[in-house]
Amino acid sequence: MGLILCENLRTKNPFHIEVLSLNIYSFEELCYIIYENPILVTEGIVSDELVDFIENELGLSALAEGIRRKKSNGVDDTDILVYIIDSCDLYNNAESILFRNAVAKIKKMSVWEVGKQRADYMFYIGRYGVAKKYYLEILDMEKKADNNFVGSIYHNLGVTYANLFLYEEAYDAFKKSYELTSDEVILMEIYFLKRIFDSEGKKKKSAEINDAFKEDLMVEAKKAFDIAVSGIKDGDRLKYIDHIFNMEDKEEKKKMISEYIKKLKSDYRNMK
Amino acid sequence: MNPKVLGIALSDISTGLIFYPDDEALTFPTVISKKKNEDAWVVGEEAYALALDGKGIITDKLLKLTRKNGIATIDGTRYKGRDILKLFFKEIIQVGMEKLYKEKPEEVVIALAGLDQNIMRDIREAFVGLGYQPNHIHIISKEESFIYFVLSLKKDIWNNRVGMFDLSDVSLTYYEMLANRNARKLFVSAESENMDEAFNLQILSNPSGAKLADKILTSVAEKVMDKKQFSAIFLTGQVFSEHDWAENFISFLCSRGRVYLDTNIFAKGAAFKGVDLANENSIYNIVATCEGRLKSDIYIDVVSGGKEAKIYLGKAGDFWNEPTTELLLVPDNSEIIDINVVSVDGKDKKNIPILLDFLPKRPIKTRRIFLKSSFLNNKIMNLEIADAGFGDMYPATDAKRNIEVSIWD
Numbered sequence: 002m003g004l005i006l007c008e009n010l011r012t013k014n015p016f017h018i019e020v021l022s023l024n025i026y027s028f029e030e031l032c033y034i035i036y037e038n039p040i041l042v043t044e045g046i047v048s049d050e051l052v053d054f055i056e057n058e059l060g061l062s063a064l065a066e067g068i069r070r071k072k073s074n075g076v077d078d079t080d081i082l083v084y085i086i087d088s089c090d091l092y093n094n095a096e097s098i099l100f101r102n103a104v105a106k107i108k109k110m111s112v113w114e115v116g117k118q119r120a121d122y123m124f125y126i127g128r129y130g131v132a133k134k135y136y137l138e139i140l141d142m143e144k145k146a147d148n149n150f151v152g153s154i155y156h157n158l159g160v161t162y163a164n165l166f167l168y169e170e171a172y173d174a175f176k177k178s179y180e181l182t183s184d185e186v187i188l189m190e191i192y193f194l195k196r197i198f199d200s201e202g203k204k205k206k207s208a209e210i211n212d213a214f215k216e217d218l219m220v221e222a223k224k225a226f227d228i229a230v231s232g233i234k235d236g237d238r239l240k241y242i243d244h245i246f247n248m249e250d251k252e253e254k255k256k257m258i259s260e261y262i263k264k265l266k267s268d269y270r271n272m273k
Numbered sequence: 006m007n008p009k010v011l012g013i014a015l016s017d018i019s020t021g022l023i024f025y026p027d028d029e030a031l032t033f034p035t036v037i038s039k040k041k042n043e044d045a046w047v048v049g050e051e052a053y054a055l056a057l058d059g060k061g062i063i064t065d066k067l068l069k070l071t072r073k074n075g076i077a078t079i080d081g082t083r084y085k086g087r088d089i090l091k092l093f094f095k096e097i098i099q100v101g102m103e104k105l106y107k108e109k110p111e112e113v114v115i116a117l118a119g120l121d122q123n124i125m126r127d128i129r130e131a132f133v134g135l136g137y138q139p140n141h142i143h144i145i146s147k148e149e150s151f152i153y154f155v156l157s158l159k160k161d162i163w164n165n166r167v168g169m170f171d172l173s174d175v176s177l178t179y180y181e182m183l184a185n186r187n188a189r190k191l192f193v194s195a196e197s198e199n200m201d202e203a204f205n206l207q208i209l210s211n212p213s214g215a216k217l218a219d220k221i222l223t224s225v226a227e228k229v230m231d232k233k234q235f236s237a238i239f240l241t242g243q244v245f246s247e248h249d250w251a252e253n254f255i256s257f258l259c260s261r262g263r264v265y266l267d268t269n270i271f272a273k274g275a276a277f278k279g280v281d282l283a284n285e286n287s288i289y290n291i292v293a294t295c296e297g298r299l300k301s302d303i304y305i306d307v308v309s310g311g312k313e314a315k316i317y318l319g320k321a322g323d324f325w326n327e328p329t330t331e332l333l334l335v336p337d338n339s340e341i342i343d344i345n346v347v348s349v350d351g352k353d354k355k356n357i358p359i360l361l362d363f364l365p366k367r368p369i370k371t372r373r374i375f376l377k378s379s380f381l382n383n384k385i386m387n388l389e390i391a392d393a394g395f396g397d398m399y400p401a402t403d404a405k406r407n408i409e410v411s412i413w414d
């Protein structure tokens with residue numbers, strides 16, 4: 002596809018997508034976000050606010066009217082997202098078909114699969130608090146899936162807790178996941194958890210973890226952890242931090258540190 | 006109802022005025038004199054007379070002075086070229102209105118050779134300073150005024166090639182115009198060439214000099230007109246009002262087409278252009294390609310409203326000094342922007358690729374750019390391409406490039 006002509010406008014009142022903590026100012030941005038995140042349909046993105054934004058801020062009255070008509074005819078929200086993508090020049094027919102397929106896949110999923118994808122998505126974008134809430138909702142559902150699926154939910158919940166620095170809760174979730182799946186990889190992750198949060202083995206779960214490990218697995222886990230730590234040391238993130246602290250220009254250094262801390266704080270606040 | 010139009014033909018030698026709908030013309034030498042110790046100015050022959058009497062300080066070559074941002078010190082005061090030009094316009098219009106008993110015109114059209122952004126800005130500002138509305142001030146080339154003059158005449162005059170010789174004290178310029186009609190519009194092109202063979206008109210004051218001048222003009226005509234046939238050939242310039250001296254030259258011209266004489270072609274052409282502009286719908290409905298106007302269509306291919314479309318950055322016949330085009334684009338997976346140039350007859354085509362390698366690396370759909378195009382003249386387009394960012398996801402960076410694109414080499 003060649004050059005795509007965009008409307009040269011700047012909206013006065015952007016459309017705010019709460020789960021992404023993101024303001025949308027143009028039709029291209031809206032379509033891009035929808036296309037890249039079709040699971041947003043489960044977050045109620047197709048709303049009256051969205052239609053008002055399309056009509057009043059983007060000036061796309063025909064599209065807004067089309068969405069209203071579809072909604073009143075009972076058209077599914079996923080199909081309304083397809084309708085929006087089809088109305089946008091940003092995506093060609095082939096790309097639009099890929100989006101339809103992604104949306105169709107969501108529609109075919111069972112209720113707990115959709116719930117897991119939704120929770121996984123929140124984890125992926127760093128909204129750990131929301132992800133935790135969604136994982137717990139799946140576990141509260143009456144109709145249960147098989148052990149492997151529920152085990153995977155507990156596993157992801159454990160990872161989410163770990164990212165929220167909740168060691169005990171993470172351990173319990175990983176333990177349940179291991180009990181349901183008997184997957185030794187989870188044991189390795191439990192070892193990682195212990196090394197990160199309880200390197201001196203003072204916490205009450207420590208003995209329990211040690212008991213669960215066979216000796217050969219413990220060796221393998223230790224080796225994997227050391228490799229992971231060395232990978233982190235060589236990673237871009239630490240290199241960037243080193244670069245900041247090695248800067249000679251004190252003013253610039255101060256500015257960079259302040260910006261970095263600001264970003265960490267923002268990421269932390271977004272974890273909710 | 007006839008609009009009131011002031012047509013002005015401006016050059017460093019003389020300036021012609023027409024207050025349309027009348028066709029009576031006034032011609033002034035392009036000079037101005039300030040009365041000594043008075044805040045009063047006179048123009049044209051009166052300016053010469055005042056200077057000869059020692060009562061005024063004369064300034065000439067007003068266009069040249071303005072073009073080079075020159076300053077003239079008159080009576081102890083420093084005047085910028087453009088300020089003197091403004092005074093000149095004020096005085097000639099006043100004289101014209103007094104002599105011809107005219108009201109203030111609705112449209113002003115100024116024709117001159119050698120259009121560039123600076124001189125056009127200065128002339129425009131001068132008229133704005135004199136109380137004219139910017140959208141009623143129009144500056145065109147002499148080639149364009151020639152086109153409008155010719156098209157205002159009967160069709161048999163311009164149904165084939167039209168030639169013109171403009172002779173003044175410092176220059177000899179040959180003009181040629183050709184009109185082609187297609188199904189929709191009349192395409193008219195005009196070109197001019199300043200001939201090296203210009204001569205001082207004083208040589209006409211003696212028979213041998215006049216004979217030499219006739220010989221020079223005949224030789225020039227043979228060269229530029231070659232074996233072409235013309236539906237009309239015009240002679241302009243005060244010197245042709247008495248043309249006994251150019252017997253051989255005129256005889257040669259008559260062998261190529263009908264010959265006409267008019268000493269105010271450019272002022273009249275400017276006035277006719279003004280009449281066309283004053284009308285809601287164009288009288289002539291032409292695409293003119295000449296100095297001041299683009300000679301090609303310049304466009305980019307885009308996707309808009311689900312369809313492939315052309316966005317014109319300029320069209321043949323457009324004035325190159327018209328407002329710029331500003332677009333917001335996503336190049337998608339392309340690393341270049343193709344600028345397409347097509348000559349007015351569609352025979353010559355050119356593709357100019359503009360690299361986008363300076364844009365920041367990020368997902369292709371989020372590479373939104375701001376493209377601004379303008380023309381420096383009818384051969385060079387200026388493109389400004391800047392990263393427009395993609396909302397809060399990817400704020401705009403300062404990645405930007407200014408590119409001068411040569412439309413035709």
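If you read the sequences in order, they're chains A and B. The working numbering applies: residue 2 is where the first sequence begins, and numbers increase by one. The working numbering applies: residue 6 is where the second sequence begins, and numbers increase by one. Here a beta-carbon is modelled for each residue, glycine too, at the ideal position from N, C-alpha and C. Note that this is a predicted model, so its numbers are computed, not measured.
Specify the secondary structure class of Ala195 of chain B as computed by DSSP and reduced to three states. Numbered from its first residue, the second sequence carries residue 195 of chain B at position 190. In the structure shown, Ala195 of chain B sits in a strand (DSSP, three-state: E or B).
So does the segment 374-389 of chain B actually touch the segment 333-350 of chain B, counting three or more Cβ pairs closer than 8 Å? yes
If you measure beta-carbon to beta-carbon, which residues of the segment 16-30 of chain A are closer than 8 Å to chain B? Leu23, Asn24, Ile25, Tyr26, Ser27, Glu29, Glu30
For Leu191 of chain B and Ile291 of chain B, what's the separation of their Cα atoms in angstroms? Here residue 191 of chain B is taken as the residue at index 186 of the second sequence, counted from 1. Here residue 291 of chain B is taken as the residue at index 286 of the second sequence, counted from 1. Computed Cα separation, rounded: 5 Å.
Closer than 7 Å to a non-hydrogen atom of the ligand FMN - does that hold for the CB of Gly127 of chain A? Of the ligands one can find in the structure shown there are none, so the ligand FMN has no counterpart to examine.
If you reduce the DSSP assignment to three classes, tell me which class Trp46 of chain B lands in. By one-based count along the second sequence, residue 46 of chain B stands at place 41. Strand, per DSSP.
Between B:Asp302, B:Glu227, B:Gly396, B:Val307, which has its C-alpha nearest Asp350 of chain B's C-alpha? To locate residue 350 of chain B, count along the second sequence from 1; it is residue 345. Asp350 of chain B has its Cα closest to that of B:Asp302, out of B:Asp302, B:Glu227, B:Gly396, B:Val307.
Which residue's Cα is closest to the Cα of Gly242 of chain B: B:Ala314, B:Ile270, B:Lys60? Position 237 of the second sequence, counting from 1, holds the residue named residue 242 of chain B. Here the closest residue by C-alpha is B:Ile270.
Residue range of the unbroken beta strand (DSSP E) whose run includes Arg263 of chain B: Position 258 of the second sequence holds residue 263 of chain B. Where Arg263 of chain B is concerned, the enclosing beta strand (DSSP E) stretches over 263-266.
Who pairs with Cys7 of chain A in a beta bridge, going by DSSP? Taking the first residue of the first sequence as position 1, residue 7 of chain A is located at position 6. Bridge partners of Cys7 of chain A: B:Leu333.
Of all the CB atoms in chain A, is at least one closer than 8 Å to the CB of Val308 of chain B? Position 303 of the second sequence, counted from the start, is the residue given in the question as residue 308 of chain B. Output row for Val308 of chain B: interface = yes.
Per the contact definition of three or more C-beta pairs closer than 8 Å, is the segment 104-112 of chain B in contact with the segment 45-54 of chain B? no
Ordered list of beta strand (DSSP E) runs contained in the segment 374-414 of chain B, each at least 3 residues: 374-380, 385-392, 405-411
Beta carbons nearer than 7 Å to chain B: which residues of the segment 30-59 of chain A have them? Glu30, Tyr33
Assign His17 of chain A to one of two classes, buried (16 or more other C-beta atoms within 10 Å of its C-beta) or exposed (fewer than that). Translated into positions along the first sequence, residue 17 of chain A becomes position 16. Its Cβ having fewer than 16 others within 10 Å, His17 of chain A is exposed.
Would you check if the distance between the CB atom of Val229 of chain B and the CB atom of Glu198 of chain B is smaller than 8 Å? Locating residue 229 of chain B in the second sequence gives position 224, counting from the first residue. Locating residue 198 of chain B in the second sequence gives position 193, counting from the first residue. Yes, Cβ-Cβ distance for Val229 of chain B and Glu198 of chain B is below 8 Å.
Using a beta-carbon distance cut-off of less than 8 Å, what residues from the segment 309-334 of chain B approach chain A? Ser309, Gly310, Gly311, Glu313, Ala314, Ile316, Glu331, Leu332, Leu333, Leu334
Counting C-beta neighbours from all protein chains within 10 Å, is the total for Pro39 of chain A 16 or more, i.e. buried, or is it exposed? Against the first sequence, residue 39 of chain A aligns to sequence position 38. Pro39 of chain A is buried by the Cβ-count criterion.
Cutoff 8 Å: Lys441 of chain B Cβ touching any chain A Cβ: Residue numbering for chain B in the displayed model covers 6 to 414; residue 441 of chain B lies beyond these limits and cannot be assessed.
Apart from the five residues on each side of it in sequence, which residues of its chain come closer than 6 Å, Cβ to Cβ, to Tyr180 of chain B? Position 175 of the second sequence, counted from the start, is the residue given in the question as residue 180 of chain B. Around Tyr180 of chain B: Phe151, Met169, Ser197.
Glu202 of chain B, enclosing beta strand (DSSP E) - first and last residue: If you number the second sequence from 1, residue 202 of chain B lands on position 197. Run containing Glu202 of chain B: none; DSSP gives neither H nor E here.
Between Leu181 of chain A and chain B, is any beta-carbon pair separated by less than 8 Å? Numbered from 1 along the first sequence, position 180 holds the residue referred to as residue 181 of chain A. It does not: the Cβ of Leu181 of chain A has no partner Cβ on chain B nearer than 8 Å.
Should His143 of chain B go down as buried or exposed, given a rule of 16 or more other Cβ atoms within 10 Å for buried? Residue mapping note: residue 143 of chain B aligns to position 138 of the second sequence, counting from 1. His143 of chain B is buried by the Cβ-count criterion.
In terms of alpha-carbon separation, which member of B:Leu240, B:Ala226, B:Asp249 lies closest to Leu209 of chain B? Within the second sequence, numbered from 1, the residue matching residue 209 of chain B stands at position 204. Considering only alpha carbons, the answer is B:Asp249.
Which chain A residues are close to Ile342 of chain B, counting only those with a beta carbon under 7 Å from its beta carbon? The residue you call residue 342 of chain B lines up with position 337 of the second sequence. Result: Leu4.
My assumption, with CB atoms under 8 Å, is that Arg128 of chain A sits in contact with Met272 of chain A. Please give the rounded CB distance. Here residue 128 of chain A refers to the residue found at position 127 when the first sequence is read from its first residue. Here residue 272 of chain A refers to the residue found at position 271 when the first sequence is read from its first residue. Indeed, because the Cβ distance is near 7 Å, the residues count as touching under 8 Å.
Return the first residue and the last residue of the alpha helix (DSSP H) that Ile34 of chain A is part of. Your numbering for residue 34 of chain A matches position 33 in the first sequence. That run of the alpha helix (DSSP H) goes 28-37.
From B:Lys354, B:Gln207, B:Gly12, pick the residue whose C-alpha is nearest to that of Leu31 of chain B; which is it? Here the question's residue 31 of chain B lines up with position 26 in the second sequence. Looking at the Cα atoms, B:Gly12 is the closest of the given residues.
Rounded C-beta distance between Leu194 of chain A and Ala171 of chain A? I'm assuming under 8 Å. Within the first sequence, the letter at position 193 stands for residue 194 of chain A. Within the first sequence, the letter at position 170 stands for residue 171 of chain A. About 6 Å; that satisfies the 8 Å criterion.
With 8 Å as the limit, tell me which residues of the segment 386-413 of chain B have their beta carbon closer than that to any beta carbon of chain A; keep them in chain order. Phe395, Gly396, Asp397, Met398
Taking 8 Å as the CB-CB limit, is Leu91 of chain A close to chain C? Considering every chain present, this structure includes no chain C. Its protein chains are A and B.
By the three-class DSSP mapping on this structure, what secondary structure does Thr294 of chain B have? Residue mapping note: residue 294 of chain B aligns to position 289 of the second sequence, counting from 1. The answer is strand: DSSP assigns Thr294 of chain B an E or B state.
Neighbourhood of Ile23 of chain B by C-beta distance below 6 Å, restricted to the same chain and skipping five residues each side: Looking up residue 23 of chain B in the second sequence gives position 18. Excluding positions up to five away in sequence, the list reads Gly12, Ala30, Ala272, Lys273, Ala276.
So Ser97 of chain A packs on Asp90 of chain A, CB below 8 Å; how close in whole Å? Counting from 1 along the first sequence, the entry for residue 97 of chain A is found at position 96. Counting from 1 along the first sequence, the entry for residue 90 of chain A is found at position 89. Not really, about 11 Å apart at Cβ, beyond 8 Å.
Do you know how far the Cα of Tyr84 of chain B is from the Cα of Lys312 of chain B? Translated into the one-based positions of the second sequence, residue 312 of chain B becomes position 307. Translated into the one-based positions of the second sequence, residue 84 of chain B becomes position 79. Their Cα atoms are separated by approximately 57 Å.
Anyone know if the C-beta pair for Val10 of chain B and Val280 of chain B falls short of 8 Å? In the second sequence, counting from the first residue as 1, residue 10 of chain B sits at position 5. In the second sequence, counting from the first residue as 1, residue 280 of chain B sits at position 275. In contact: Val10 of chain B and Val280 of chain B (Cβ atoms closer than 8 Å).
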